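Beneath this line is the structure, given in C-alpha cells, with notes to follow.
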Amino acid sequence: MTGADFSTLNLTDVTVKLEEDGILIVTLNRSRKLNMFSERMSSELLRVFQLGDQDDRVRVIILTADPAAPAFCAGADMDEIVNGSALLGRKEDKEHEHRDPGGQVAMAIYNNRKITISAINGHASGTGITALQIPFDIRFIWAGAKLAFPFIRLGIVPESTSTYLLSRLIGESNASYVLLTGDGVKPDSPIISTLYHKTFPNRTDVLPAAIALAKNLASGTGQVSMAYTKGLLHRPGASVEENHLLESRAMKLIGTSKDTVEGAQSFMQRRPPKFRDTLSEHASSWFPWWSPLDVKHPKSKL
Amino acid sequence: MTGADFSTLNLTDVTVKLEEDGILIVTLNRSRKLNMFSERMSSELLRVFQLGDQDDRVRVIILTADPAAPAFCAGADMDEIVNGSALLGRKEDKEHEHRDPGGQVAMAIYNNRKITISAINGHASGTGITALQIPFDIRFIWAGAKLAFPFIRLGIVPESTSTYLLSRLIGESNASYVLLTGDGVKPDSPIISTLYHKTFPNRTDVLPAAIALAKNLASGTGQVSMAYTKGLLHRPGASVEENHLLESRAMKLIGTSKDTVEGAQSFMQRRPPKFRDTLSEHASSWFPWWSPLDVKHPKSKL
Amino acid sequence: MTGADFSTLNLTDVTVKLEEDGILIVTLNRSRKLNMFSERMSSELLRVFQLGDQDDRVRVIILTADPAAPAFCAGADMDEIVNGSALLGRKEDKEHEHRDPGGQVAMAIYNNRKITISAINGHASGTGITALQIPFDIRFIWAGAKLAFPFIRLGIVPESTSTYLLSRLIGESNASYVLLTGDGVKPDSPIISTLYHKTFPNRTDVLPAAIALAKNLASGTGQVSMAYTKGLLHRPGASVEENHLLESRAMKLIGTSKDTVEGAQSFMQRRPPKFRDTLSEHASSWFPWWSPLDVKHPKSKL
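Protein chains in written order, with the working numbering: chain A, 495 to 796; chain B, 495 to 796; chain C, 495 to 796.
Set out below in C-alpha cells:
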C-alpha cells in the first residue's frame with residue numbers, strides 16, 4: 495500500500511519526513527516545552543507510526559529530536575496533567591475506561607512491522623524513556639544523556655507498557671532497580687547500559703549514525719523478512735515447541751518468495767541483494783499468527 | 495492497618511526492629527551456626543515479612559546479618575536435613591504434599607507490597623542466595639562475598655523459586671551456568687554481577703548504604719504507588735496489550751489519590767513530596783488483579 | 495538404559511566418541527565444507543543427542559569441531575538450499591507441513607536431560623549459532639571467533655528456536671539487535687557476551703576446558719538432579735506459585751533418592767560424592783511434568 499502524503503499531514507508536536515530510500519524520520523517538535531509528551535504529541539505519534547507501518551514505501555522509522563533542544567523529552571507534560579488531560583486518566587472516565595496514551599504509542603511502535611530506531615540525542619525522563627525509547631527495536635544514545643524514571647517519586651506508576659517490556663529487554667533485576675527507586679542513571683551505568691546499542695560522545699552524532707544504519711537496513715533487508723522476524727521475536731510462542739512450529743511456518747511461507755530467491759542468489763554471487771517484496775503483495779492469512787487483544791473497547795473485562 | 499508490636503514477637507533465629515521512619519530491619523541471628531537457614535528461621539522470616547506487608551507503618555524491609563558473623567548465610571542447615579526436617583520434605587509427606595520452606599519465604603518476599611532490600615554483608619550459599627537474596631527488589635553486597643550454588647553438587651535441586659526467578663532477573667544464560675555447574679562466584683563475576691545493584695569493599699558499609707536508600711525511598715515514594723508498581727513488574731500480563739490494560743487501570747485508580755495530587759504539586763513547587771496514602775485506606779477490589787494460586791492446599795493437582 | 499554402541503553408528507557429517515567417564519564428544523566432520531549445516535548433519539545430530547539423552551552412561555554431551563577447520567560452522571549449506579533441501583522447506587510441502595531441521599536439533603539439545611556444552615573453536619554463522627550454540631546449557635568460545643546472524647540479510651527468518659531462546663538467554667534488547675540487524679559481532683561484544691561463559695585466546699584451548707568442566711560435572715553431579723534442575727529451569731511454571739509447587743515436588747521426589755543421601759553424607763564427611771542413581775532406575779510418572787507439544791504431526795493447528 496502506498497500510503498498518505500506524510501508532507502501534508504497536519505502535525506504540530508512532531509515533524510515527519512519520508513526519505514527516498516524508505517526511511518521515515520520523525521522529529522519531536524516541542525523544544526520550547528522540553529519536548530514534553532503531550533496528549534497531542536501522543537495522538538500524532540500514534541498516527542505517524544500507524545501510517546509508517548502500513549505504507550509499503552517505509553522500511554525504517556527513526557524517532558529523534560533537535561540535538562540543540564534542552565531535552566530529547568522531559569517526560570509527560572505536567573501542566574496538562576494538572577489541567578486534567580488524558581495522560582493520567584480523565585475525571586469522567588470510569589475505573590476501567592482509561593487507556594494510557596503512552597501505552598497506545600508504545601504498542602504502535604512495538605507492534606510496528608518496520609524496524610524502528612530511537613536516536614536519543616538529549617536528556618530524557620519518564621514517558622521520554624518508557625514510550626519513546628523502550629518499545630523500539632534499536633536505541634542509539636548520546637553518552638551525556640541524563641535518564642530519570644520518576645514515576646515512583648510522583649505517586650504514580652510506570653506506563654507505556656514499560657512494566658512489561660523493560661524486564662524482557664534488560665532483565666528484571668535492573669528493571670526493578672530503576673523503576674522502584676526512580677534513581678537517575680547515565681547510559682553507561684551497568685543498571686541500564688544493555689538498553690542501548692551504541693553510545694556517542696556528541697549529541698550531533700546520534701542521528702547520523704541512526705540514519706547510516708537505517709540506510710544499510712533499508713537496502714539490505716527484506717520487508718517481509720523483517721516483519722516476520724519481529725513477529726517471531728515479540729510473539730515467540732509459549733515454549734520451544736510452539737516456537738518451532740511458528741518459525742517453521744514463517745520459513746516455509748517466506749521460503750517461496752522472490753526475496754528468498756534473491757537472498758540466496760545475491761549471497762552466492764557475492765553482491766548486495768535487491769529485495770522487492772512488500773507486505774501488501776505478500777499478505778498471508780496466517781500473519782499475524784496471534785490474535786491481538788482488542789484494547790480499544792472500554793468494556794474490556796481486564 | 496497498624497500491625498503487631500515487632501519488639502514483642504517471640505523470635506530466636508532472627509531479630510527485628512521497626513525504625514520510626516518506616517524501615518523494618520530484619521537481622522539473621524544464628525551467627526554461631528553460620529546463619530544457616532533452619533526450619534525455625536524460615537517460619538520466623540515468613541511471619542515477619544507477612545507482618546511487614548500488612549503493617550501500614552512499614553515502607554521498606556531490609557534483611558541483613560551481623561557483619562562480624564562468619565557468613566551472611568551458609569545455606570540450609572545440614573544437621574536439620576540429616577535429621578529429617580521439612581527442608582527437603584518430611585518422610586511422612588506424600589509426593590505432592592511437601593512445600594519447600596525456602597519457597598514459602600521467597601514468595602512472602604517477592605509478593606511483598608513494600609520494597610525489600612537484601613544487604614548481603616558476608617559469604618552466602620544455597621538458600622542463603624535463593625531465598626535470602628534473589629526474591630528481593632534490591633541487592634547490595636560486600637565485594638568480598640563468596641557465593642555458591644551447591645544444589646547440583648548435593649544431588650538435589652535448586653529451590654526457593656530460584657528456578658523461576660533467577661532467569662528472569664539475570665537471563666537464562668547466566669542462570670543456567672550457576673545453577674547447573676554449582677560453581678562458586680564472586681559478586682563482580684560477569685556471570686552474576688547483574689544480580690547486584692551496588693557493591694561495597696567493606697562488610698560494614700553494606701547495611702548503612704541500604705538504610706540510606708531505604709530512608710530516601712520511605713520518605714520519597716508512595717505506599718500505594720510502590721505496591722502497584724511492584725505488582726505490575728511481577729504480574730505484567732501476557733502481552734503488551736494485556737499490560738496496557740493493567741497499567742491503564744492502575745494509573746486511573748491511583749490517579750485520583752491524594753498521593754498523586756501531592757506528587758504533582760511537590761514536583762511543580764520543587765519541594766520534597768509528603769505521601770500519606772496507605773494500602774489499608776486505598777484498598778481496591780481490583781488489586782491484586784491476579785488470582786494467586788493457592789499453594790497451601792496439599793491436594794493441589796500440581 | 496544402556497544404549498547404542500556409539501562407535502558403530504553410521505555417521506558421516508559428525509563423529510561421536512563416548513569417553514569412559516560418561517562424556518559424549520560430538521565433533522562436526524565437514525571441515526572441507528566449512529562444517530556447514532546439511533540436512534544429513536541435522537539428522538545425525540538429532541539421532542546422537544536423542545541417544546545421549548536416553549543412554550544412562552552419558553552424563554555430559556559436548557559439541558565441538560576440529561580447531562584447524564576453517565570454521566566451527568559456516569551456517570546452513572547454501573548449495574543444498576538452492577537445490578531444494580528441507581532446510582527452508584521442500585517445494586512439495588504445504589504451508590503447515592514444514593518442520594525446520596535446525597529447530598528439531600535445537601529441541602533435542604535444549605530438552606536433553608544431560609548437561610550440554612558447546613565448545614566453539616572457530617567462526618560461526620547462522621545455524622552454526624542458532625542450532626549449534628544457543629540451545630546448549632554452557633558455551634565456551636574462542637575469543638577470535640567471528641559471529642554472524644545473516645538471516646535478515648538473506649530474506650529469510652531466524653530459526654532453530656532462536657527467536658524464542660535468544661531473548662530468554664541474553665535479554666530481548668540484545669537479541670533484537672543481532673537478529674534484526676544481522677551485524678557481525680565478536681564474543682566480547684557487550685551485545686552478545688552474556689551468551690558465552692568462558693572465552694579463550696587460542697582455538698585449541700576451548701575443547702580441553704570444556705572437557706575439564708565436563709569431567710568435573712560427570713563425577714560431581716547426579717544424573718537425576720541434573721535432569722530435574724534442567725527441567726525446572728526450562729519449564730519453571732507460569733508464576734512463583736506454580737514454580738514453588740514444581741520445585742517442592744521435585745525436591746520431595748529426589749529427596750528420598752540414594753543420591754541425596756550420598757550428597758548430604760559426602761558434604762558432612764568433606765569428601766567428593768559418588769552419585770550412582772540413573773534416570774532409568776529413577777523414572778517417575780510425574781517427570782516430565784509438562785506435556786510436550788507434539789510437533790511431529792504435520793496437521794498441527796499452529
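Note that CB positions come from ideal geometry on N, CA and C, so glycine has one too. This one's a predicted model, so the numbers in the text were calculated from it and none came from an experiment.
One thing to note: B:LYS511 has its Cβ no nearer than 7 Å to the Cβ of B:ILE555. If you look at C:LEU747, you'll find it in the alpha helix (DSSP H) that goes 734 to 749. Ranked by Cα distance from C:GLN598, the options A:PRO767, A:PHE761 and A:ASN737 are led by A:ASN737. Cβ contact annotation for A:LEU540 (same chain, cutoff 7 Å, sequence separation greater than five): GLN598, VAL599 and ALA602, in chain order.
When C-beta atoms of the stretch 708 to 720 of chain C are compared with those of the stretch 642 to 652 of chain B, three or more pairs fall below 8 Å, so the two segments count as touching. Taking all protein chains in view, the Cβ of C:PRO786 is surrounded by fewer than 16 other Cβ atoms within 10 Å, so the residue is classified as exposed. Taking 7 Å as the cut-off between beta carbons, the residues of the stretch 643 to 677 of chain B near chain A are ARG662, LEU663, ILE664 and GLY665, in sequence order.
In the DSSP secondary-structure assignment, B:ARG607 is not bridged to any residue.
Unbroken alpha helix (DSSP H) runs of no fewer than 4 residues, entirely contained in the stretch 574 to 652 of chain C, are found at 595 to 604 and 621 to 624, following chain order. Taken through DSSP and simplified to helix, strand or coil, B:LYS692 comes out as strand. Within 10 angstroms of the beta-carbon of A:ARG553 lie 16 or more other beta-carbons, which makes it buried. Scanning its chain for C-beta atoms nearer than 7 Å, with the 5 sequence neighbours on each side dropped, one finds around A:LEU773 the residues ASP550, ARG607, GLN717, VAL718 and ALA721, in chain order. Non-local C-beta neighbours of A:ILE748 in its own chain, meaning closer than 7 Å and more than five positions away in sequence, comprise VAL718, SER719, TYR722 and THR754, ordered along the chain. Where A:THR657 is concerned, the enclosing alpha helix (DSSP H) starts and stops at 656 to 664. Two segments are said to touch when three or more pairs of C-beta atoms, one from each, lie closer than 8 Å; by this definition the stretch 613 to 620 of chain A touches the stretch 560 to 577 of chain A. For A:VAL520, the enclosing beta strand (DSSP E) covers residues 517 to 522. By the Cβ criterion, the stretch 517 to 536 of chain A is in contact with the stretch 622 to 630 of chain A, since at least three pairs of Cβ atoms, one from each stretch, lie closer than 8 Å. Close partners of C:HIS738 in chain B (Cβ separation under 7 Å): ASP594, GLY597, MET601, THR655 and VAL789. Taken through DSSP and simplified to helix, strand or coil, C:PHE769 comes out as coil.
Looking from the CA of B:ALA498, the closest CA among B:ASN668, B:ILE650 and B:LEU518 belongs to B:LEU518. Its Cα nearest to that of A:PRO595, the residue A:GLU653 stands out among A:PHE543, A:ALA563 and A:GLU653. A residue is called buried once 16 or more other Cβ atoms fall within 10 Å of its Cβ, and B:THR698, having fewer, is exposed. Listed along chain B, the residues sitting closer than 8 Å to C:THR688 by beta-carbon distance are GLY665, SER667, ASN668 and PRO684.
Contact residues of the stretch 739 to 760 of chain C toward chain B are LEU739, LEU740, GLU741, SER742, ARG743, ALA744, MET745, LYS746, LEU747, ILE748, GLY749, THR750, SER751, LYS752, ASP753, THR754, VAL755, GLU756, GLY757, ALA758, GLN759 and SER760 (C-beta to C-beta distance below 9 Å).
Note on geometry: alpha-carbon atoms of B:ASN696 and A:THR657 lie some 34 Å from one another. Among the CB atoms of chain B, none fall inside 7 Å of the CB of A:LEU557. Listed by position along chain C, the residues whose Cβ is nearer than 8 Å to that of A:PHE769 are GLY649.
For B:TYR722, no Cβ of chain C is located within less than 7 Å of the residue's own Cβ. DSSP places B:ALA570 in the strand class (E or B) of the three-state scheme. Taking 7 Å as the CB threshold, A:GLY716 lines the interface with chain C.
Secondary structure note for B:ALA704: its alpha helix (DSSP H) is the uninterrupted segment 700 to 714.
When DSSP states are grouped into helix, strand and coil, B:LEU557 belongs to the strand group.
DSSP places A:LYS752 in the uninterrupted alpha helix (DSSP H) bounded by 752 to 762. Distance from the CA atom of C:ILE628 to the CA atom of C:LEU689, rounded to whole angstroms, is 8 Å. The C-alpha of B:LYS640 is placed about 17 Å away from the C-alpha of B:HIS691. With respect to B:GLY678, B:ALA642 sits close: the two C-beta atoms are nearer than 7 Å.
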